[in-house]
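Enquirer: Structure in structure tokens, see below.
In this note's numbering, the protein residues as written are 53 to 162.
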């Protein structure tokens, strides 16, 4: 067995492995943006990732359906229309990661 992977190698491996697991790397990147901020708008996520707001919205809807993020609707600061702010749910994310490890490795406690 070879030594530990570098951070760059792990990131490359993740990008190669994610589709095989049915995981959208874009969805993970959108989730990461919600984790980095107390509340972030759809437009801010789109700008940070260089994607359209529609693409960001599609991923956020999936994350909301999985209960990994929450949405707060507010009046746009300029008073024209509404704006959505998104926030990650760290407890839900941790639970999903725990479940994933158990599915992959089995329950190591018993």
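Backbone N, C-alpha and C fix where the C-beta goes; we use that ideal spot for every residue, glycine too.
Apart from the five residues on each side of it in sequence, which residues of its chain come closer than 7 Å, Cβ to Cβ, to residue 75?
Expert: none
Enquirer: Between the Cα of residue 86 and the Cα atoms of 117, 121, 95, 150, which residue gives the shortest distance?
Expert: 121
Enquirer: Residue range of the beta strand (DSSP E) that residue 122 falls in?
Expert: 121–127
Enquirer: Could you give the residue range of the beta strand (DSSP E) that holds residue 135?
Expert: 134–140
Enquirer: Under 8 Å by Cβ, that's how I've got residue 126 and residue 135 pegged, so tell me the actual separation to the nearest angstrom.
Expert: 5 Å
Enquirer: Using a threshold of 8 Å, state whether the C-beta atoms of residue 139 and residue 91 are closer than that.
Expert: In this structure, the beta-carbon distance from residue 139 to residue 91 falls below 8 Å.
Enquirer: I'd like the list of long-range same chain contacts for residue 96, defined as Cβ closer than 8 Å, with 5 residues on each side in sequence excluded.
Expert: These residues qualify, in order along the chain: 85, 89.
Enquirer: For residue 93, which residues does DSSP report across the bridge?
Expert: 137
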